[in-house]
Amino acid sequence: MSQVLYNTLSGKKEKFIPLKEGEVKLYLCGPTVYDLLHIGNFRGPIVFNVIRNWLEFTGNKVNMVYNYTDVDDKIIQKANTEGVETKVISERYIKEFEKDFNALGLKKHTHNPRVSEHMDDIISMIEKIIINGKGYVVDGEVFFAIDEFKAYGALSKKKLDELEIGQRVEVDTRKKNPQDFVLWKPAKEGEPYWDSPWGKGRPGWHIECSAMVKSILGDSIDIHGGGVDLQFPHHENEIAQSEACNCAKYCNYWVHNEFINFGAEKMSKSLGNIITARNFMEKYNPEILKYLFLSAHYRTQMGITDDKLSQTISALNRIYSAIELAQITVDQVDAPAIADAGFDKKLVEFDNKIKKSLNDDFNTAEMISFIFEGVRTFNAIGFANKAKRTPSHKGQSESFLAWMAKYGDMSALFNSNPKDMLNRLDEILIEMKEIDKSEVEKLVKMRNDARDAKDWGMADEIRDKLQDIGVELFDGHARGWRVKVND
Ligand code: AMP
Ligand code: ZN
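Quick look at the structure:
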């Protein structure tokens, strides 16, 4: 069973064959570091974390590069507003990004280059493009001549003449073709600049990724990723620049993740205007963001709704309850575990299904649904009677925990302490469902009093009332009650 992935370049699913067997060169376009990132920006890092882990799990060594764009108009603007050097802004937001990235528990990339560290590479690449006849200089500005690059438009499927028809804005008459794009531009007053053969200036946006790819991974790479918005012009231009410079195919597989929508009607009510990953993780939890994103295929658009948030919380609640039960069982049974061949066989069947799903264009949505089937199978064992838990239950629990840890590591999920996570999910539900805690506590006390007075009718009535509020009585909880979770 081999790896298949959808390649934007061909518009088809293709068998994945790395340039060198057992090694994968993977580049993902990173953020412009001038502010905190919104949750959509993290779809790429979360999805590509699984892609990279899966490729490693299936025997590849993955060299993964994710860059920081630290030379950009928005950074310069912010630096000017604050009256500081641009580096102060970019370094501040790289640190903030890293805080979010670590809170998400994603695996550190092999390299996180900054554009400012690759100026020499950028300049020598532009020089080579000019030498190869595909770039030209006008007044200290360097343009890429797209007419000299016949394959221009192959990735985004745009035709040059269509591009020209769409061109309504004022045309820069210095350009040979209105679609020619900037490789290097002269610095304006007060902007950071670097010395170059064309004068003091800074690079156009697209050349940075081409230069960082070349310097860290080489002329040709296996997979290049990013959000769909980058297909054109950013990735189209990367191909043009790199191939014009290196005279070699730039990248074999282009993988683009779809957008997380923030449209008013699609935006969750409880999410409100919370869109930075920082705020989301504070209000909810990193686990909820990761589960939410991975429960959809990366090539589908996703709008975040209250329903989806509730479903995610219910699912995590079920999963963590099962993990907690397994851990308790392992601790409780004071005898060596006995493996249960039937249960282990079922887990292997799910392994095979998950393998098939991830091999088929990294279908994490299916992976999550099979993990859930594993949880259901575990719950079906029947642990109701604490006194009757056996060494076989212990064996099943151990297998289940190891199985969950395998997929947890792969997807950066299920690694939290179950008790803490269940409490956190409960608190979130109390807030989301606007449950009045003091009212519930009053009812619970009234019910206890009724039971003490052996007034069973009243006790049942109060229990029903609690049910209506969305609360169930629960022995295992410190409060004695918890928010009901939908199945
Ligand atoms: P930027 O800093 O705007 O260049 O974005 C960094 C990365 O986030 C790029 O790969 C974008 O494609 C991606 N991105 C931006 N907005 C969204 C969104 N709403 N959903 C998913 N990805 C996004
Ligand atoms: Zn890029």
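With the numbering used here as the guide, the letters of the sequence shown map in order to residues 1206 to 1692. C-beta atoms are modelled at their ideal positions from N, C-alpha and C, and glycine is treated no differently. Computed from a predicted structure; not experimentally measured.
For residue i, which residues from the same chain have a beta carbon less than 6 Å from its beta carbon, with the 5 sequence-adjacent residues on both sides left out?
i: Ile1280; result: Tyr1239, Thr1291, Ile1294, Ser1295
i: Asn1462; result: Arg1248, Gly1249, Val1252, Gly1432, Tyr1503
i: Met1626; result: Tyr1525
i: Asp1631; result: Arg1687, Val1688
i: His1229; result: Here residue 1229 is Val; the residue named in the question, His, does not match the sequence. Once the five neighbours on either side are set aside, the close Cβ partners of Val1229 are Pro1223, Leu1260, Asn1265, Val1267, Asp1427.
i: Gly1345; result: Pro1391, Trp1403, Gly1404
i: Asn1442; result: Phe1386, His1411
i: Ala1453; result: Asp1424, Ser1425
i: Leu1606; result: Ala1531
i: Arg1656; result: Ala1664
i: Arg1319; result: Tyr1273, Asp1275
i: Val1343; result: Arg1379
i: Met1507; result: Ile1465, Ala1501
i: Leu1214; result: Leu1360, Trp1459
i: Thr1569; result: Val1255, Leu1499
i: Phe1583; result: Ala1527, Phe1605
Cutting at 8 Å between CB atoms, please list the residues of its own chain near residue i, excluding the five before and the five after it.
i: Asp1434; result: Phe1464
i: Ser1604; result: Ala1544, Asp1545, Phe1548, Asp1549, Leu1552
i: Ser1207; result: Lys1220, Phe1221, Asn1564
i: Leu1311; result: Pro1250, Ile1251, Asn1254, Ala1617
i: Phe1588; result: Leu1530, Thr1534, Arg1594, His1598
i: Arg1407; result: Val1276, Trp1389, Lys1390, Ala1392, Glu1396, Pro1397, Tyr1398, Trp1399
i: Met1615; result: Val1255, Asn1258, Trp1259, Phe1262
Suppose contacts are defined by Cβ-Cβ distances below 7 Å. Is residue i in contact with residue j by that definition?
i: Met1651; j: Ile1635; result: no
i: Ser1401; j: Ile1334; result: no
i: Ile1331; j: Leu1242; result: no
i: Lys1339; j: Glu1353; result: yes
i: Asp1351; j: Asp1385; result: Before going further, note that residue 1351 is Ile rather than Asp in the sequence given. Yes, these two residues count as a Cβ contact at 7 Å.
i: Val1645; j: Val1690; result: no
i: Thr1517; j: Ile1493; result: yes
i: Ile1559; j: Leu1499; result: no
i: Ala1617; j: Asn1254; result: yes
i: Gly1235; j: Asn1272; result: yes
i: Ala1416; j: His1316; result: no
i: Arg1594; j: Thr1505; result: no
i: Ser1562; j: Glu1554; result: no
i: His1429; j: Tyr1298; result: no
i: Ile1586; j: Tyr1612; result: no
i: Glu1448; j: Tyr1455; result: yes
i: Val1270; j: Ile1444; result: no
i: Ala1520; j: Pro1596; result: no
Measure how close the beta-carbons of residue i and residue j come, nearest whole angstrom, since I'm counting them as under 8 Å.
i: Pro1397; j: Val1276; result: 7 Å
i: Asn1490; j: Arg1687; result: Between Arg1687 and Asn1490 the Cβ distance is about 17 Å, and since that is not below 8 Å, they are no contact.
i: Lys1567; j: Ile1244; result: What sits at residue 1567 in the sequence shown is Phe, not Lys. Wrong, their Cβ atoms sit about 20 Å apart, outside the cutoff.
i: Lys1495; j: Leu1210; result: Contact flag wrong, Cβ pair sits at about 21 Å.
i: Lys1624; j: Leu1648; result: Contact flag wrong, Cβ pair sits at about 25 Å.
i: Gln1436; j: Leu1497; result: Between Leu1497 and Gln1436 the Cβ distance is about 24 Å, and since that is not below 8 Å, they are no contact.
i: Gln1446; j: Phe1348; result: Not a contact, Cβ separation roughly 11 Å.
i: Met1609; j: Ser1515; result: Not confirmed; about 22 Å, so no contact.
i: Lys1419; j: Asp1325; result: No, Lys1419 and Asp1325 are not in contact; Cβ-Cβ is about 12 Å, not under 8 Å.
i: Cys1450; j: Asn1620; result: Actually they are not in contact, since the Cβ atoms of Cys1450 and Asn1620 sit about 43 Å apart, beyond 8 Å.
Give a single yes or no on whether residue i has its beta carbon closer than 6 Å to a heavy atom of the ligand ADP.
i: Ile1465; result: The ligand ADP is absent from the structure shown, which contains only the ligand AMP and the ligand ZN.
Tell me which same chain residues have a C-beta within less than 7 Å of the C-beta of residue i, skipping the five on either side of it?
i: Ser1321; result: Asp1275, Val1276
i: Phe1306; result: Pro1250
i: Gly1600; result: Ala1542, Ile1543, Ala1544, Asp1545
i: Ile1674; result: Ile1640, Val1645
i: Glu1578; result: Phe1555
i: Lys1218; result: Val1209, Leu1210, Tyr1211, Asp1566
i: Val1376; result: Pro1383
i: Lys1283; result: Tyr1239, Ile1294
i: Phe1302; result: Pro1236, Val1238, Leu1242
Restricting to runs no shorter than 4 residues, where is the alpha helix (DSSP H) found entirely within the region 1504-1555? Along the region 1504-1555, the alpha helix (DSSP H) occurs as fully enclosed runs of 4 or more residues at 1511-1537, listed in sequence order.
Tell me the start and end of each unbroken alpha helix (DSSP H) in the region 1272-1317 that is at least 4 residues and wholly inside, in chain order. Counting only runs of 4 or more, we get 1278-1287, 1291-1308.
Near the ligand ZN, which residues have their beta-carbon closer than 5 Å to a heavy atom? Result: Cys1234, Cys1414.
Uninterrupted beta strand (DSSP E) stretches inside the region 1239-1278 (no shorter than 3 residues): Inside the region 1239-1278, DSSP marks whole beta strand (DSSP E) runs of 3 or more residues at positions 1266-1271, from first to last along the chain.
May I have a chain-ordered list of the beta strand (DSSP E) segments no shorter than 3 residues that lie completely inside the region 1382-1411? Complete beta strand (DSSP E) runs here, min 3: 1386-1391, 1406-1408.
Unbroken stretches of the beta strand (DSSP E), 3 residues or longer, contained in the region 1430-1464: Along the region 1430-1464, the beta strand (DSSP E) occurs as fully enclosed runs of 3 or more residues at 1456-1462, listed in sequence order.
Just list the alpha helix (DSSP H) runs in the region 1591-1650, keeping only unbroken ones of 4 residues or longer that don't cross its boundaries, in chain order. DSSP assignment within the region 1591-1650 yields the following whole alpha helix (DSSP H) runs of 4 residues or more, N-terminal first: 1596-1616, 1623-1637.
Curious, which full-length alpha helix (DSSP H) runs of at least 4 residues does the region 1556-1584 contain? Unbroken alpha helix (DSSP H) runs of no fewer than 4 residues, entirely contained in the region 1556-1584, are found at 1569-1584, following chain order.
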